[in-house]
Structures are given as structure tokens and as C-alpha cells.
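Novice:
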Amino acid sequence: MDSCGALRAIGVAIVAITLAFVLLPALVVAIAAFNARAVLAFPPDALSLRWFAKALAYDDFRVGFHNGLIVTAFASSIALVVGSAFAFALDRYSFRLKRTIESVLLAPLVIPHFTIGLGFLILAAELGAARGFAVVIACHVILVLPFVLRSVYISLRNLDQRFELAAASLGAPPRRVLTSVTIPLLAPGLVSGWLFAAILSFNEFTASLFVTSQRTQTLPVAMYNYVREYADPSMAAVSVIYIVATAALLTIANAFFGLGKVLNVENAR
Amino acid sequence: MLKMPAESARGVPAANANADGAFVRIDGVSKHFGDVPALQDASVNIRRGEILTLLGPSGGGKTTLLNVVAGFLAPDIGSIHIDGRPVTDVPPYRREIGVLFQNYALFPHMNVASNVAYGLKMRGTPKAEIQRRLAEVLALVRLTGYQTRRPRQLSGGQQQRVALARALAISPKVLLLDEPFSALDKNLRGSMQLELKDIQRKLGVTTIFVTHDQSEALSLSDRIAVLSEGRIRQVGTPDAIYRRPADRFVAGFVGDVNVLRAELVRVEGETAFVGLGVATLAVPAEPLRGLSQGAPVDLFLRPEQLHLTARGGTSLCEGVIAAHSYQGGHVDIHIASEAAVSGRILVRQTQSDAAAHWPVGAEGAIGCETQEAVAFPPEP
Chain A
1 MDSCGALRAI GVAIVAITLA FVLLPALVVA IAAFNARAVL AFPPDALSLR WFAKALAYDD
61 FRVGFHNGLI VTAFASSIAL VVGSAFAFAL DRYSFRLKRT IESVLLAPLV IPHFTIGLGF
121 LILAAELGAA RGFAVVIACH VILVLPFVLR SVYISLRNLD QRFELAAASL GAPPRRVLTS
181 VTIPLLAPGL VSGWLFAAIL SFNEFTASLF VTSQRTQTLP VAMYNYVREY ADPSMAAVSV
241 IYIVATAALL TIANAFFGLG KVLNVENAR
Chain B
270 MLKMPAESAR GVPAANANAD GAFVRIDGVS KHFGDVPALQ DASVNIRRGE ILTLLGPSGG
330 GKTTLLNVVA GFLAPDIGSI HIDGRPVTDV PPYRREIGVL FQNYALFPHM NVASNVAYGL
390 KMRGTPKAEI QRRLAEVLAL VRLTGYQTRR PRQLSGGQQQ RVALARALAI SPKVLLLDEP
450 FSALDKNLRG SMQLELKDIQ RKLGVTTIFV THDQSEALSL SDRIAVLSEG RIRQVGTPDA
510 IYRRPADRFV AGFVGDVNVL RAELVRVEGE TAFVGLGVAT LAVPAEPLRG LSQGAPVDLF
570 LRPEQLHLTA RGGTSLCEGV IAAHSYQGGH VDIHIASEAA VSGRILVRQT QSDAAAHWPV
630 GAEGAIGCET QEAVAFPPEP
């Protein structure tokens with residue numbers, strides 16, 4: 001009995017340490033954000049909210065946040081449409097080069113982000129395209145496409161085809177089957193695919209560093225530029241805002257669509 | 270000009286049913302999946318208002334045939350007619366068929382009312398008419414008052430009744446049932462079977478029922494088509510299938526059967542005489558064509574056609590009681606005997622004291638009074 005209890009205690013300790021390890025960086029940054037002094041130090045000697053005020057008022061962060069929203073909204077929406085279309089094709093039809101197309105679409109998982117960013121930078125320069133939002137959005141679409149594709153593809157795989165056959169037998173032509181049965185049943189997968197893409201795109205730094213300009217820089221790029229010059233806790237304050245906003249978004253999405261369904265569709269019926 | 274026959278056919282449905290009374294005609298249907306034949310030259314006619322069961326083991330082709338009738342699969346060759354109209358190239362949403370799926374396939378994002386009304390909505394039925402029809406079919410399946418429930422809030426039996434209501438709401442020409450009872454527990458299964466048969470009779474809807482469960486097939490069907498390895502082996506009434514199986518497969522698949530080693534004594538026209546022990550039984554001669562006198566044959570006898578007697582007399586064979594299995598209404602007695610191909614003979618005794626009368630280890634003789642045995646050439 002004793003050795004059993006000891007094993008149990010070790011198990012609990014391992015779990016606790018792992019959880020602490022995962023949360024520690026965020027926790028340190030969050031605490032540092034409330035430091036009253038103008039250095040990124042831990043632990044802080046006095047507490048204050050002044051860095052939050054400064055971060056929210058700082059022009060580059062405001063513009064970066066705004067740019068990030070534009071890029072994210074377009075990139076993840078375009079990726080959702082393109083990714084869903086490919087997921088449908090891959091799931092429903094068999095055709096030549098199917099495997100090849102699938103691996104190319106998933107390739108951005110293998111190719112480093114800086115390579116993709118650099119590639120876009122060179123291409124844009126060659127084509128004489130201005131480094132506007134179009135280039136940034138195109139780059140982000142490529143980066144998030146594999147995640148959307150996978151999310152929708154898995155949802156499609158888990159969708160029992162008999163729902164669609166039942167709808168067809170009841171007199172629904174293919175388009176009505178799609179709008180009244182397939183898409184509603186895929187909604188959790190589509191929403192989570194979009195959310196996943198949006199979070200990745202909004203956080204993306206490496207490729208964005210190459211393809212953005214002063215005018216189009218996104219929040220992570222703005223933060224990088226800031227930290228090169230200053231080392232005060234407003235960076236940490238932005239991080240806290242970031243984490244809280246993302247967590248809130250995920251919580252709302254989970255409440256409405258049940259993201260768990262995407263991972264465990266069998267129990268959804 | 271081309272449309273003429275179809276139009277007139279639709280106007281006078283009764284005239285369309287062919288001379289043989291076929292409401293659904295399945296003609297020479299074959300279907301391959303890759304190189305694997307799932308269905309080979311299947312032909313069967315279903316009469317207006319009857320329940321025809323497609324019975325067979327999994328992989329036998331019955332579900333493939335159901336999917337071809339529903340329009341979910343296109344046959345490689347062959348044709349389907351429903352109510353005199355060729356539908357082979359008609360997509361499922363224009364076939365006017367109701368399908369009850371094994372897992373019911375109720376739309377989880379819709380409540381009971383929306384599920385049941387789905388087909389009517391797709392047809393553009395006016396709202397008032399939808400409400401009237403909804404109330405009607407929900408009453409039929411005894412689920413009035415469940416309109417706003419979600420499928421996941423219902424029990425298995427209730428889900429099945431909703432699925433049935435949904436399929437019937439569109440007044441389908443043909444109702445297709447794909448293993449509808451396999452997900453239900455045994456007690457519920459029996460009552461749902463009776464309920465389904467009752468509803469089917471009330472509406473007179475032509476029904477094709479797919480199952481691998483032979484007792485279900487025997488109790489529910491007007492006629493049965495037995496499928497195995499993609500071929501229809503026999504079509505007939507449950508009684509004909511049970512008493513006069515056309516081949517070894519049907520004889521072995523439908524009901525329990527004993528296979529005994531016997532020999533061909535003589536053939537007289539349509540009747541052959543088969544000898545086993547001191548007994549001689551008359552069987553149909555057709556399956557034994559080409560065999561010479563004295564050739565070994567396999568004699569198929571049902572457990573209830575046999576009885577235990579004291580040794581001697583006109584018994585078929587002898588054996589030693591190996592086990593009893595009390596079934597309530599009858600007792601199954603397993604007898605070890607060399608006369609059986611499997612080494613075991615199953616005898617069904619209805620006397621409640623049969624087990625006491627024939628204890629395990631006792632020797633007994635097996636007698637038979639039937640005139641309805643069948644025999645087939647032995648397996649190579």
C-alpha cells in the first residue's frame with residue numbers, strides 16, 4: 001500500500017511540474033507587466049497599471065493591432081474557403097495526383113516560416129508589387145492553409161455519410177443537402193478551423209517580419225521593433241492583453257460551437 | 270414524344286404494374302467495387318404492398334442492392350423500375366423512396382418536427398399541409414408531443430420511430446429498411462418489429478427490408494430473397510424458403526439444420542428417395558440430378574422434424590446425448606452421432622420432461638416423420 005501511495009504522489013508531482021512548466025513563462029511575463037519600474041524585472045518591487053496604459057496608447061501597437069486584425073480576418077477567411085474546397089475534393093473524390101496535391105497543401109508545415117517569408121519578399125520584389133496588405137495576406141493564407149485543411153478534412157471524415165444520403169432520399173437536391181445538412185453538421189469544424197487559423201495568423205512573426213513594411217506591420221512585428229529599442233514592461237502588458245483576448249475568444253467559441261466535437265465527433269450524435 | 274409513355278404511366282399507376290404484379294422490378298443488376306463483385310446479375314420483383322426481405326450474411330450484397338434501389342449507387346449493368354417507371358438513371362432525390370437507416374441518421378441539429386418535416390419542406394409543401402401531415406405521422410408512430418425534442422434526447426426505440434415517421438411523411442412509393450432493428454435490445458426489437466409490420470400493413474407501402482437475421486426475416490416478410498456472395502440464391506415465401514431451400518447455402522443459413530450422411534436410393538420423376546439407416550425419405554429430385562444410385566448425399570433435416578426414440582424400430586441413426594439446452598417452450602438436445610457431417614445432431618423436443626427422460630450420456634435413436642426433407646450433393 002505504501003509503495004502505491006508513493007507512486008501516486010510522484011505521479012501527482014510530475015503532472016504539477018509539467019503544468020507549472022507550461023504556464024510559467026506566461027505567468028512570469030504577466031507578473032512583470034504590473035511592475036511599477038521601467039525595467040523588465042522579476043519579481044517586481046512595486047505594482048502599477050501604467051504599462052498597460054502606455055501600451056494601449058502607443059501608436060505602433062495600435063496600428064499593429066489594427067493591421068493584424070485586417071490580415072487575420074482576410075487570411076483566415078480566404079484559407080477557410082480554399083482549405084474547405086480542397087478538403088471536400090480530397091475527401092469525396094479520387095483523382096490523379098491526389099496524394100501529391102495533399103502533400104503540397106500540407107508542405108507549409110515542413111517549410112520554415114522565414115523561408116516562406118523570404119520567398120514572398122523576393123517574389124514581390126521581382127513582380128514589382130508594393131509591399132502592401134495583399135502580399136502579407138497571401139503569405140498568411142499559405143501559412144495557415146494546412147491547419148484549416150486538416151481541421152475541415154477531419155470533420156468531413158467523421159461526418160457519417162448517411163446523413164447526406166437520408167437528406168437525398170427525402171428529396172433534397174445536392175445543393176440543399178450541402179446547405180441544410182452538410183454545412184450545419186460541419187460548423188464546429190469550420191469554426192474551429194477558422195479560429196485556429198486566426199490565432200496562428202495573428203501571432204505569426206517570422207514570415208511577417210519579411211513581408212510587412214512600416215505601414216503594414218502586424219502586432220508581433222511592432223512588438224519586436226519596440227523591444228529592439230526599449231526594455232520597459234509595456235511589452236509584458238501587451239502579452240497579457242493578448243492572452244486574455246485569445247482565451248476569451250476561445251471560451252466564447254467553445255460555448256457556442258463545442259470545439260470538443262471536432263476532436264470527438266463520434267459522441268456528437 | 271419520348272415523354273408520352275412515362276406521363277401516361279404516371280397517370281394510371283395500376284396499369285403499369287406488370288402482368289406479374291411487379292411494383293419494383295430489379296433486372297439483372299451487377300455492381301463491382303474495383304475488381305470485387307458485390308452483386309451479380311440480381312433480378313427480383315417486388316409486388317405492390319408487400320414486404321420483401323433481402324436476407325444474407327454480411328458481404329452478401331444485400332445492402333449494395335438496397336443502395337442501388339435507393340439510387341445511392343449506380344449499377345454497372347441492369348435496371349430498376351419503380352411503379353412502371355425506369356429509375357436507373359434517376360437521382361435519389363427524385364425517386365420518392367423512404368429509407369430507414371441502421372443508425373437512423375436523424376439530423377442531430379434539428380428537432381423531431383424539423384426532421385420529420387424535412388422531406389415535405391424539400392418538396393415545397395405548404396406550411397399548413399406540413400403541420401397536418403406532421404401530426405398525422407407522429408400519431409402513427411405514437412410520438413405526438415415530441416415535436417421539439419432533439420434526437421439525442423430520445424431513446425433508441427423513439428429515435429427509430431422518428432426515423433420511420435420521417436421516411437413515411439413523404440408518402441414514399443417504396444420504403445427501404447436497412448437492418449433497422451440491429452441497434453435495439455432484444456425485447457424492444459420484438460415489439461418494434463410488430464409495430465413496424467402493423468404500420469406497413471395499415472399504409473400498404475411496398476417495402477424492401479434488409480437483414481442478416483433469419484428469424485427476423487421469417488417473421489416479418491411476405492417473401493424473402495436470400496443473397497450470398499453477391500447472388501440471389503432463392504426467392505420465396507418464408508415457408509417455402511424454410512421448407513424447400515433451393516441449395517445448401519439457403520438450407521444452412523435460414524433456421525437451424527442438421528446435415529446427415531445418406532445415400533441416393535432411386536429417382537422417380539420429380540421425387541428422389543434417400544436412405545439413411547433403415548428409413549427412406551422422399552426429397553425433391555432436382556438438386557440431385559446427375560447422381561447415380563447409391564451415391565452419397567447430404568440430407569438436411571430441421572431439429573423439430575426429428576425426435577428421440579428408444580433404440581431399434583425405424584430410426585435414422587443412433588447417438589449419445591451430449592448436452593441439453595432449455596429454451597422455455599422447448600428443449601434443444603445435442604446428440605453426438607457419426608451420421609451427422611458435423612458430428613452433432615440437434616433435436617428439438619417440446620415435452621418439458623425431455624431432459625430428464627434423455628439424460629446426458631444416454632444412448633438414443635433418432636426418428637423422423639417428415640415428408641419435407643431436402644438433400645444436396647455432398648460438398649467436395
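Chains A and B supply the protein sequences, listed in that same order.
First residue of the first sequence? That's 1 in our numbering, and the numbers climb one at a time after it.
First residue of the second sequence? That's 270 in our numbering, and the numbers climb one at a time after it.
The beta-carbon is built from N, C-alpha and C at its ideal position, and this holds for glycine as well.
What's the call for E448(B), buried or exposed, on a 16-neighbour Cβ count within 10 Å?
Specialist: Buried, since its Cβ has 16 or more Cβ neighbours within 10 Å.
Novice: Decide yes or no for the touch test of the stretch 353 to 366 of chain B against the stretch 311 to 322 of chain B: beta carbon pairs closer than 8 angstroms, at least 3 of them.
Specialist: No, because fewer than three Cβ pairs between the stretch 353 to 366 of chain B and the stretch 311 to 322 of chain B fall closer than 8 angstroms, the two stretches do not touch.
Novice: When the distance is taken between beta carbons, is G119(A) closer than 8 angstroms to T218(A)?
Specialist: In this structure, G119(A) does not lie closer than 8 angstroms to T218(A) by Cβ.
Novice: Over what stretch of residues does the alpha helix (DSSP H) that includes D508(B) continue unbroken?
Specialist: Where D508(B) is concerned, the enclosing alpha helix (DSSP H) stretches over P507 to R512.
Novice: Mind listing, in chain order, the continuous alpha helix (DSSP H) runs of no fewer than 4 residues lying wholly within the stretch 157 to 215 of chain A?
Specialist: Counting whole runs of 4 or more residues, the stretch 157 to 215 of chain A contains the alpha helix (DSSP H) stretches 161 to 169, 174 to 177, 183 to 203 and 206 to 211.
Novice: For the stretch 386 to 400 of chain B, which residues have a CB atom closer than 9 angstroms to at least one CB atom of chain A, in sequence order?
Specialist: From the stretch 386 to 400 of chain B, only Y387, G388, L389, K390, M391 and R392 have a Cβ closer than 9 angstroms to chain A.
Novice: By DSSP's criteria, G544(B) is part of a beta bridge. Which residues make up the other side?
Specialist: According to DSSP, G544(B) bridges with E532(B) and T549(B).
Novice: Could you name the residues of the stretch 173 to 190 of chain A whose beta carbon sits closer than 7 angstroms to any beta carbon of chain B, in the order they occur along the chain?
Specialist: For the stretch 173 to 190 of chain A, which is checked against every Cβ of chain B, the residues closer than 7 angstroms are P173, R176, V181, P184 and L185.
Novice: Using the rule of at least 16 other Cβ atoms within 10 Å of the residue's Cβ for burial, across every protein chain shown, is R571(B) buried or exposed?
Specialist: Buried.
Novice: Got a sec: is the Cβ-Cβ distance from L170(A) to anything in chain B below 8 angstroms?
Specialist: It does: the Cβ of L170(A) has a partner Cβ on chain B nearer than 8 angstroms.
Novice: Could you tell me whether the Cβ of F163(A) comes closer than 8 angstroms to any Cβ of chain B?
Specialist: Output row for F163(A): interface = yes.
Novice: If I measure Cβ to Cβ from T578(B) and keep anything under 8 angstroms in the same chain, skipping five residues before and after, which residues do I get?
Specialist: Taken in chain order, the residues that qualify are S584, G633, A634, I635 and G636.
Novice: In whole angstroms, give me the CA-to-CA distance for L409(B) and N372(B).
Specialist: If you take the alpha carbons of L409(B) and N372(B), they lie about 21 angstroms apart.
Novice: Mind checking S451(B): buried by the 16 CB within 10 Å criterion, or exposed?
Specialist: That one is exposed.
Novice: Of the residues Q428(B), G426(B), G425(B) and M379(B), which one's Cα is nearest the Cα of V181(A)?
Specialist: Nearest option by C-alpha distance: M379(B).
Novice: Write down the C-beta distance between P628(B) and I604(B) rounded to the nearest angstrom, noting that I regard them as a contact closer than 8 angstroms.
Specialist: Incorrect: roughly 12 angstroms between the Cβ atoms, too far for contact.
Novice: Where does Y226(A) fall in DSSP's three states?
Specialist: Note: Y226(A) maps to helix in three-state DSSP.
Novice: In the DSSP assignment, find the unbroken beta strand (DSSP E) run with K300(B) in it and report its ends.
Specialist: First-last of the beta strand (DSSP E) with K300(B): A291 to F302.
Novice: Can you tell me which of L465(B), Q422(B) and V610(B) puts its alpha carbon nearest to the alpha carbon of P377(B)?
Specialist: It is Q422(B).
Novice: Find the residues of chain D that neighbour V368(B), judging by a C-beta separation of less than 8 angstroms, and give them in chain order.
Specialist: Structure shown: chain D not included; protein chains present are A and B.
Novice: Under 7 angstroms between beta-carbons, which chain B residues line up against D60(A)? List them in chain order, please.
Specialist: Here the premise fails: no neighbours, minimum Cβ distance about 45 angstroms.
Novice: So, for G280(B): in the same chain, excluding its five sequence neighbours on each side, which residues have a beta-carbon less than 8 angstroms away from its beta-carbon?
Specialist: Note that G280(B) scores 37 on pLDDT, short of 50, meaning its location in the model is unreliable; the coordinates nonetheless yield the value given after this. Cβ within range, chain order: n/a, list empty.
Novice: Give the DSSP-derived three-state secondary structure of E365(B) in the structure shown.
Specialist: The answer is coil: DSSP assigns E365(B) none of H, G, I, E or B.
Novice: Compare the C-beta of A307(B) against all C-beta atoms of chain A and say whether one is closer than 8 angstroms.
Specialist: Taking Cβ atoms only, chain A never reaches closer than 8 angstroms to A307(B), which makes this a no.
Novice: Let me know the secondary structure DSSP gives G340(B) once reduced to three states.
Specialist: Note: G340(B) maps to coil in three-state DSSP.
Novice: Expressed to the nearest angstrom, what Euclidean distance is found between the alpha-carbon atoms of I70(A) and N203(A)?
Specialist: Looking at the two C-alpha atoms, the distance is approximately 13 angstroms.
Novice: Output needed for A588(B): all residues of its chain with C-beta closer than 7 angstroms, excluding positions within five of it in sequence on either side, in chain order.
Specialist: Contrary to the premise, residue 588(B) reads as Gly rather than Ala in this sequence. The residues are I604, A605, S606, I614, G633 and I635.
Novice: Could you check whether the Cβ of H378(B) sits closer than 8 angstroms to any Cβ belonging to chain A?
Specialist: Closer than 8 angstroms: yes.
Novice: Helix, strand or coil, according to DSSP, for R558(B) in the structure here?
Specialist: It is coil, neither helix nor strand.
Novice: Where does L127(A) land, buried or exposed, given buried means 16+ other C-beta within 10 angstroms?
Specialist: By the neighbour-count rule (16 or more Cβ atoms within 10 Å), L127(A) is not buried but exposed.
Novice: Would F478(B) count as contacting chain A if we go by Cβ distances under 8 angstroms?
Specialist: Taking Cβ atoms only, chain A never reaches closer than 8 angstroms to F478(B), which makes this a no.
Novice: Measuring only the C-alpha atoms, how far is S277(B) from A168(A)?
Specialist: Note that S277(B) scores a pLDDT of 37, beneath 50, so its modelled location is shaky; the value from the coordinates is reported in the next line. Taking the straight line from one Cα to the other gives about 27 angstroms.
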